[in-house]
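Asker:
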């Protein structure tokens, strides 16, 4: 046998140390799987460390109070000591059969609808104005947004003084010779809801304007230039380009406005107080909960009202997300489900 054949035979014979004992070398696929498992564990550890505090705070300050409210809602509880007087569903039956609560629910939905009808068009018009290159644009933005950042206590106190029977509004009407237009703006049920909507629009339209303006600035300018070349007027451009592309922003703002209207409490309680709100026709579910729970010393009943308020808000939020925000949320997904949703 030649030397070359001997070398070839030695080269094909595997080394014993590579297959037996501690010198075993794992195949490349095993090494990749090991690295992948190690990377997965590191990723899970990072997610746990980063999201753990937020999840803990959410469970402590959101989920736990909801569960505690649901528990106390089954008792007649005075707010101190462990609850012992079990009432079952009596609190919830009383809530749902109380005409005052049903009226408060109606007021909440009226406020939600009127907020959309009034604040939406005003916010879009102001956003269109401030999106143009005009002098004093920054000053106008500040003046519109300032009411939103003012404390509700200051806003409620100021407007309650101005709209009182002897307040600035009626005094101004008397000075300009319009005494016949003087009204009891806060106590008269025919005007109280309108007064509330004026205050809410003045207070919160700035937030809507900022959102609309941000949405407008994300629309490419080339679309308007192409529409101008094709002969489209200013208002045709707004109806054909601006409103469709501003749709996601409008839907998000509408969702926030509806949820805020369902949970409205501070301005109503500050301006009308705990006794006048119901008679003036501006009571809400939150003011009803405060009056019949905290002020009456019946905290079990108040917790039951809080649970009902939470369930109503949850149902509205899920309904809105299912039928209004579905297209926007599907478009934001990046995984296989998102691709599937886009194909639909």
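Numbering (UniProt numbering), first residue to last: 1 to 344.
Built from N, CA and C at the ideal position, the CB exists for glycine as well.
(1) Going by beta-carbon coordinates alone, are residue 70 and residue 316 separated by less than 7 Å?
(2) Can you name the residues that DSSP bridges to residue 75?
(3) Contact defined as beta carbons within less than 8 Å: I believe residue 285 pairs with residue 256. What is the distance between those atoms, to the nearest angstrom?
(4) Could you give the DSSP three-state label for residue 326: helix, strand or coil?
(5) Need the endpoints of the alpha helix (DSSP H) that residue 179 sits in, please.
(6) Helix, strand or coil: which one does DSSP assign to residue 21?
(7) Under three-state DSSP, which class holds residue 125?
(8) Can you tell which of 86, 65 and 277 has the C-alpha that lies nearest to the C-alpha of residue 186?
(9) When you compare each of 146, 43 and 107 to residue 268 by their alpha carbons, which one comes out closest?
(10) For residue 21, which residues from the same chain have a beta carbon less than 6 Å from its beta carbon, with the 5 sequence-adjacent residues on both sides left out?
(11) Where do the ends of the alpha helix (DSSP H) carrying residue 203 lie?
(12) So, are the CB atoms of residue 193 and residue 281 less than 7 Å apart?
(13) Is residue 139 near the ligand GDP, judged by its Cβ being under 6 Å from some heavy atom?
(14) Taking its Cβ as the centre, do 16 or more other Cβ atoms sit within 10 Å of residue 56, making it buried, or is it exposed?
Answerer: Looking at the coordinates:
(1) Within the chain shown, the letter at position 70 stands for residue 70. Within the chain shown, the letter at position 316 stands for residue 316. With contacts defined by Cβ atoms closer than 7 Å, residue 70 and residue 316 do not form a contacting pair.
(2) Walking along the chain shown from the start, residue 75 turns up at place 75. Residue pairing by DSSP puts residue 75 in a beta bridge opposite 86.
(3) Within the chain shown, residue 285 is the residue found at index 285, counting from 1. Within the chain shown, residue 256 is the residue found at index 256, counting from 1. Not quite, the Cβ-Cβ distance comes to about 18 Å (not below 8 Å), so this is no contact.
(4) In the chain shown, residue 326 corresponds to position 326, counting from 1. Secondary structure of residue 326 (DSSP, three-state): helix.
(5) For this step, residue 179 is matched to residue 179 along the chain shown. Counting along the chain, residue 179 falls outside any alpha helix (DSSP H), and DSSP gives it neither H nor E.
(6) The count along the chain shown starts at 1 and reaches residue 21 at position 21. Because residue 21 carries a pLDDT of 47, less than 50, the predicted location of this residue cannot be relied on, and no value is offered for it.
(7) Looking up residue 125 in the chain shown gives position 125. Residue state, collapsed to three classes: helix.
(8) Numbered from its first residue, the chain shown carries residue 186 at position 186. Comparing Cα positions, the closest option is 277.
(9) Numbered from its first residue, the chain shown carries residue 268 at position 268. Comparing Cα-Cα distances from residue 268 to each of 146, 43 and 107, the minimum goes to 107.
(10) Taking the chain shown and counting its residues from 1, one reaches residue 21 at position 21. Residue placement at residue 21 is flagged as unreliable, the pLDDT there being 47, under the threshold of 50; the coordinate-derived value follows with that caveat. Taking C-beta separations shorter than 6 Å and ignoring five residues to either side along the sequence, residue 21 has no partners in its chain.
(11) In the chain shown, the residue the question calls residue 203 occupies position 203. Looking at the DSSP string, the run of the alpha helix (DSSP H) that includes residue 203 is 189-217.
(12) The residue you call residue 193 lines up with position 193 of the chain shown. The residue you call residue 281 lines up with position 281 of the chain shown. Contact flag set, yes.
(13) The ligand GDP is not part of this structure, which contains no ligands at all.
(14) Mapped onto the chain shown, residue 56 falls at position 56. By the 10 Å Cβ count, residue 56 comes out exposed.
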